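Participant:
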Amino acid sequence: MEKTIAKLALRASIGNAVDQKNPLPFDDPDMFLGVNTYKEHCAVCHGVPGEPRTAISNGMFPSPPQLFEAADMGTGDPEGETFWKVTNGIRLSGMPGFGGALSDIQRWQVTMLVAHADKPSSTVQAAFRH
11 MEKTIAKLAL RASIGNAVDQ KNPLPFDDPD MFLGVNTYKE HCAVCHGVPG EPRTAISNGM
71 FPSPPQLFEA ADMGTGDPEG ETFWKVTNGI RLSGMPGFGG ALSDIQRWQV TMLVAHADKP
131 SSTVQAAFRH
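Residue numbering for the sequence shown follows our numbering, beginning at 11 and increasing consecutively.
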């Protein structure tokens, strides 16, 4: 019940953001920069490919999606919704908003990375290991 109410509130908050389209081209340079931002700001909660969950992630409730594991990959959300979540955060979930900390371009790069988590190029995969 608690989860259902939280999802309803989130959907109401997101509104028309789901219709927003990523203004950046889908390419390796933006994906690579997205990896760098993701590793610095997101990976501690949402994980990286091939690595176990962090202690922080394991201790969170609700549990944050592991965005590079098959069950949570890309979350299936429209890019506009992901961008909204990265910008504003999600109340009562531990997900902070990065609207004041990251530029629009950085937030779109992370959004692109998450949206295409199931098909990263070898360059993007290598960026996670360095």
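Ideal Cβ placement from N, Cα and C applies to all residues, glycine included.
Just so it is clear, the structure is predicted and the values come from calculations on it, not from any experiment.
(1) What does the Cβ neighbour count give for His140, buried or exposed, with the cut at 16 atoms within 10 Å?
(2) In the DSSP assignment, find the unbroken alpha helix (DSSP H) run with Lys95 in it and report its ends.
(3) Using CA atoms only, rank isn't needed, just tell me which of Pro39, Thr121, Arg101 is closest to Val134.
(4) Straight-line CA distance for Ser113 to Thr14?
(5) Leaving out the 5 sequence neighbours to the left and right, which residues in its chain are closer than 8 Å to Ala111 when beta-carbon positions are compared?
Facilitator: Inspection of the coordinates gives the following:
(1) Residue mapping note: residue 140 aligns to position 130 of the sequence shown, counting from 1. That one is exposed.
(2) In the sequence shown, counting from the first residue as 1, residue 95 sits at position 85. It spans 89-98 - the alpha helix (DSSP H) in which Lys95 sits, taken as one unbroken run.
(3) The sequence position of residue 134 within the sequence shown is 124, counting from 1. Among Pro39, Thr121, Arg101, the Cα nearest to that of Val134 is on Pro39.
(4) Your numbering for residue 113 matches position 103 in the sequence shown. Your numbering for residue 14 matches position 4 in the sequence shown. The straight-line gap from Cα to Cα measures roughly 32 Å.
(5) As a working mapping, residue 111 is identified with position 101 in the sequence shown. Cβ neighbours of Ala111 beyond the five flanking positions: His51.
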